[in-house]
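In full-length UniProt numbering, the protein residues as written are 1 to 155.
Beta carbons are placed, not taken as given, at the ideal position from N, Cα and C, and that holds for glycine.
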Amino acid sequence: RRLPNLAFVLNVGDSFYPGGVHGPTDPQWTEKWSDIYQGMPPVPWYSVYGNHDLEAGDWRCSCLDDPQLCHQVKRHGARHGNLSWYMPSVSYHAKPLPGVELEVVALDLNAADASKICPWVADAGRCPSYQCGRVLAAREAQAAKLLQDRVAANR
């Protein structure tokens, strides 16, 4: 199917179901993303993490405070075929269309699923469940602040 007017994609997470990617060079980037959407116009994919993206494969993203250690964040700006992954952090804002009053505000709200995510990570022996819960709660607070800031900036 042709999508001639497609300018970007909003990707709402669970991109690499069921267990996330194991690194920036994981074959799932090809198998579950670029091969599936081959032939689409060359557009950026504004992406966020879903709960399944945070499973054992990308445990650092649930256990460590630094979002730059998250595998999907590490792929920011990477191209696969004609697709471009856009995720500079776990929460961010961007203006995808120059000259158009539209802003994407991407928020990491996975703390809502911490009771599911954190046992997966803990069972894999990566970090204690309480640490995962703390990291996800802090990210949710940062996301709420970002949203407040962006609403205030666009009044």
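Other residues of its chain near residue i: CB distance less than 7 Å, five sequence neighbours each side excluded
i, result
"residue 113", "51"
"residue 89", "67 and 73"
"residue 125", "none"
"residue 16", "28, 32 and 53"
Between the CA atoms of residue j and residue i - distance to the nearest angstrom
i, j, result
"residue 7", "residue 36", "18 Å"
"residue 14", "residue 72", "11 Å"
"residue 150", "residue 105", "8 Å"
"residue 193", "residue 34", "Here the chain covers residues 1 to 155 and nothing more, so residue 193 does not appear."
"residue 152", "residue 146", "10 Å"
"residue 123", "residue 48", "24 Å"
Per-residue DSSP class, three states only, for residue i
i, result
"residue 106", "strand"
"residue 94", "strand"
"residue 147", "helix"
"residue 9", "strand"
"residue 31", "helix"
8 Å Cβ shell around residue i - same chain, five flanking residues per side excluded
i, result
"residue 80", "29, 30, 33 and 34"
Beta-carbon proximity list for residue i, same chain, < 6 Å, skipping 5 on both sides
i, result
"residue 118", "129, 132 and 133"
Pair every Cβ in the stretch 57-68 with every Cβ in the stretch 133-147, then say whether three or more of these pairs are closer than 8 Å.
The stretch 57-68 vs the stretch 133-147: in contact.
Where in the stretch 39-89 do unbroken runs of the alpha helix (DSSP H), each at least 4 residues long, occur, reported from the N-terminal end onward?
Those alpha helix (DSSP H) runs which fall completely within the stretch 39-89 and span 4+ residues are 60-63 and 71-74.
Below 8 Å, can you find three or more Cβ-Cβ pairs linking the stretch 42-57 to the stretch 90-98?
Contact between the stretch 42-57 and the stretch 90-98 is present, with at least three C-beta pairs closer than 8 Å.
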